[in-house]
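To start, the structure under review is shown below, and the notes come after it.
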Ligand code: ADP
Ligand code: MG
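Numbering (this note's numbering), first residue to last: 659 to 886.
Below you can see the structure in the form of structure tokens.
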């Protein structure tokens, strides 16, 4: 089943008086339950595309269907709601609060959630997620006291706090050594296989891309065939 469908999606940035077309007509389908890699050279538009898919940015043209619903032109509030309810994000540089405990970092997105549980239940869920990513003993540590791999695992737990249906990860292993990258990728695989979370991951590394079930290659703002 198609979770995401894009039809001729375009994105144009305006720099001063100049229009810069960055996405030039992307059509693609992302099926529910997949682990999909967006690959291709730097500057090709992968992050721009992912930010649009995750409602962090808006599109200029074309159509975006999520779960069969046309989400092409939602208001900022509607986009924020969808983002909070359905989507988790993991970034290359973790984006954690350095001097706040891992537990509080994981709980943070709930501040923006519409439907809250009791504090005790929220805390138990956050602790469960930290245990799940192997950081049970380090919940009270600050990211500034952690290795890159540990920080990324905190970020993954944080991305799961709202029980998202889709996880977007933009070069999640870009700052990690190869052994730590493998560990993080195994975690994504498990979340995909065991929990059925759809995962879309940006990478330009073939080793990381090999963890995916399928891939789209993006070059110069277009989907291209095969490798680059
Ligand atoms: P990738 O993630 O594949 O490396 P990006 O999506 O980051 O590519 O960038 C694609 C192109 O869009 C690049 O040429 C970049 O300079 C340009 N770009 C990205 N964000 C902006 C922006 N906010 N304003 C203007 N140009 C941008
Ligand atoms: Mg990028």
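Built from N, CA and C at the ideal position, the CB exists for glycine as well.
Buried versus exposed call for residue i [16 or more other C-beta atoms within 10 Å across all chains shown]
i, result
"residue 659", "exposed"
"residue 763", "buried"
"residue 895", "This structure does not reach residue 895, given that the chain is present from 659 up to 886, and the question cannot be answered."
"residue 795", "exposed"
"residue 672", "exposed"
"residue 755", "exposed"
"residue 734", "exposed"
"residue 810", "buried"
"residue 829", "buried"
"residue 874", "buried"
"residue 867", "buried"
"residue 808", "buried"
"residue 782", "exposed"
"residue 816", "buried"
"residue 677", "exposed"
"residue 731", "exposed"
Simplified DSSP state of residue i, which is helix, strand or coil
i, result
"residue 697", "strand"
"residue 689", "strand"
"residue 670", "strand"
"residue 775", "coil"
"residue 829", "coil"
"residue 679", "strand"
"residue 856", "strand"
"residue 754", "coil"
"residue 869", "coil"
"residue 837", "helix"
"residue 818", "coil"
Candidates the options: closest to residue i by CA position
i, options, result
"residue 879", "802, 790, 703 and 774", "703"
"residue 758", "802, 850 and 846", "802"
"residue 670", "676, 663 and 680", "680"
"residue 746", "675, 860, 677 and 827", "827"
"residue 709", "797, 668, 837 and 689", "668"
"residue 791", "833, 875 and 846", "846"
"residue 748", "712, 740 and 723", "712"
"residue 774", "805, 742 and 800", "742"
Opposing strand residues paired with residue i [DSSP bridges]
i, result
"residue 791", "Partner(s): none; residue 791 has no beta bridge."
"residue 874", "696"
"residue 749", "828"
"residue 882", "875"
Below-8 Å beta-carbon distance, residue i vs any chain D residue
i, result
"residue 823", "Considering every chain present, this structure includes no chain D. It has just one protein chain."
Those runs of the alpha helix (DSSP H) which lie wholly inside the segment 695 to 735 and span at least 4 residues: Positions of the alpha helix (DSSP H) runs, each at least 4 residues long and wholly inside the segment 695 to 735, are given as 704 to 711 in order along the chain.
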